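Engineer: In numbering that gives the first Met the number 0, the protein residues as written are 0 to 411. Ideal Cβ placement from N, Cα and C applies to all residues, glycine included. The structure displayed is predicted, hence computed values, not measured ones.
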Amino acid sequence: MNQHILPGEVKECEDDTGTGYLSISIPLHEPFPPEQEKLLEAISKKIPKRDCYFSKTEAALIFYYNSVDIDKLKNIIEKFYKDTTPGIINACTREKNIFDEIIEHVETNGSYGIKGRKRLYVGYNNERKVKDRKVQVKKRSSYFYALDNNFTKEVNEIPKEFENRIFCADSEELLKKLPDNCVDLVFTSPPYNFGLGYDTGEDGQHWELYFKKLFAIFDECIRVLKYGGRIIVNVQPLFSDYIPSHQIIANHFMERKLIWKGEIIWEKNNYNCKYTAWGSWKSPSGPYLKYTWEFLEVFSKGDLLKPGLRENIDITGDEFKKWVVAKWSIGPDRNMKKYDHPAMFPEELVERALKLFSYQHDVILDPFNGAGTTTAVAKRLKRRYLGIDISEVYCKKSELRLKELLDSYVSL
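#1: For phenylalanine 161, which residues in the same chain have their Cβ closer than 8 Å to its Cβ, ignoring the five residues on either side in sequence?
#2: Between which residues of its own chain and aspartate 198 is the CB-CB distance below 7 Å, once the five residues before and five after are set aside?
#3: Under the DSSP definition of a beta bridge, which residues are partnered with glutamate 11?
#4: What residue from Ala59, Ile102, Lys37 and Ile46 has the CA that sits closest to aspartate 82's CA?
#5: Which one of Asn368, Arg222, Ile231 and Ser170 has the shortest CA to CA distance from leucine 412?
#6: Use the C-beta contact count for glutamate 153: other C-beta atoms within 10 angstroms, 16 or more gives buried, fewer gives exposed.
#7: Evaluate histidine 360 with the Cβ neighbour count: other Cβ atoms within 10 Å of its Cβ, from every protein chain shown; 16 or more gives buried, anything less gives exposed.
#8: Checking 7 Å against the spacing of the C-beta atoms, do valine 223 and leucine 146 come in under that value?
#9: Quick one: measure Cβ to Cβ for lysine 300 and leucine 257, integer angstroms, because I've assumed they're closer than 8 Å.
#10: If we count the other Cβ atoms within 10 Å of its Cβ and call it buried at 16 or more, is threonine 374 buried or exposed?
#11: List in chain order: all unbroken alpha helix (DSSP H) runs of 4+ residues lying wholly within the stretch 354-403.
#12: List the residues that DSSP assigns as beta-bridge partners of valine 232.
#13: Which of the three DSSP states, helix, strand or coil, is assigned to glutamate 207?
#14: With DSSP as the reference, label tryptophan 280 as helix, strand or coil.
#15: Can you tell me which of the three DSSP states arginine 164 falls into?
#16: Looking at the unbroken beta strand (DSSP E) that takes in serine 141, where does it start and where does it end?
#17: Using three-state DSSP, classify serine 61 as helix, strand or coil.
#18: Enumerate in chain order the residues of its own chain whose CB-to-CB distance from lysine 260 is below 8 Å, with the five nearest sequence positions on each side excluded.
#19: Looking at the structure shown, is isoleucine 97 part of a helix, part of a strand, or coil, going by DSSP?
#20: Using the beta-carbon count (16 or more within 10 Å), is lysine 378 buried or exposed?
#21: Among residues of its own chain, excluding the 5 on either side of arginine 164, which ones have a beta-carbon nearer than 7 Å to its beta-carbon?
#22: Suppose contacts are defined by Cβ-Cβ distances below 7 Å. Is leucine 364 in contact with valine 185 by that definition?
#23: List the endpoints of the continuous beta strand (DSSP E) containing tyrosine 52.
#24: Under a three-way DSSP split, which group does serine 244 fall into?
Set out below in structure tokens:
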């Protein structure tokens, strides 16, 4: 095994059996206490060498790792210090810090796969490698339907009078007051038009008029969205009227030259299956399909990439790996009675979307803000926000949620 590793440098290497490892070297500024050899022995007895192991020279402690059960490794180290006498602990303070450095390095290495309780750091994506990947990606990323757009890359600040505000207004008219390219992400769920008893508006209106108004609002959302910004629409097919609303909305965005970034299935855990409509019972003549999920349609304006400052990223490695799997199992919101709203999405749904597709301090817009879930989560996650809803009742409830959030900060 090659041990010529510079302090703090990560290298790839192989042992005599061909097993691949990453390695990190931590310099020893004083002789390694003999008592620490017991800890190295304990680790080697409880963790297979093919997973990870330590090697020691006069100048450094080197950690080789292929796959790591972080919790198991930390427990072994913590138990050793817990069971060790105070005199030995005092003599080994520097070495304990060395092990802490190694654990911290492994935990912050974000390039890994998952298998059971282990993080796989070597060879986890071998099966996914494609020859001439850059060429292949370039060929695949043409999204021909969005190429001839006229979007500009200029960036405008949202006017201060609209920042961190809730407005009771017609979204189409209010958004016309905003400059182009001033919003980072739109997250919304348009009224379902199921006659669910919304506070204001004729939710049973003719579908052509409904989509005409909806698309007028979405066109304003596209205009105010920054280049590289995202629009995320939570929508459920209007199965009672056999209208694939998610496809109609997606088609509109594609016609407006947005790039389809993906589709997330929000699995609500059989929530809708409490209804008892079956259609043609035990007959193929006209069975009625049931849906336990809704969709999140995700689109980008001009570019799939959205640059931002590293210090404004607040998603963890584990969250990222779980949430890029585009099926999110989240129960329905439990506050619909509290806020007297028939179709609220849960805060967790918004939190995942905002952390996965935006940065802290980004501007988040919801043109159908309802009882204010989007704006409340945006504030909690240190995003700026603009919420618009035509219902004065719901706007007041949105303001109340923000006040409750602020009060909870003050009480801490």
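Structural biologist: This is what the structure holds:
#1: Lys176, Leu177 and Leu385
#2: Residue placement at aspartate 198 is flagged as unreliable, the pLDDT there being 47, under the threshold of 50; a coordinate-derived value is accordingly withheld.
#3: Leu21
#4: Lys37
#5: Absent from the structure is residue 412, since the part of the chain shown begins at 0 and ends at 411.
#6: With fewer than 16 other Cβ atoms inside 10 Å of its own Cβ, glutamate 153 counts as exposed.
#7: exposed
#8: No, Cβ-Cβ distance for valine 223 and leucine 146 is not below 7 Å.
#9: 6 Å
#10: So threonine 374 ends up on the buried side.
#11: 372-379
#12: Thr187 and Glu296
#13: helix
#14: coil
#15: strand
#16: Element bounds for serine 141: n/a, residue is neither H nor E.
#17: Residue identity differs from the one stated: residue 61 is isoleucine in this sequence, not serine. The three-state secondary structure of isoleucine 61, taken from DSSP, is strand.
#18: Arg229, Val297, Phe298, Ser299 and Leu303
#19: helix
#20: buried
#21: Leu385
#22: yes
#23: 51-55
#24: helix
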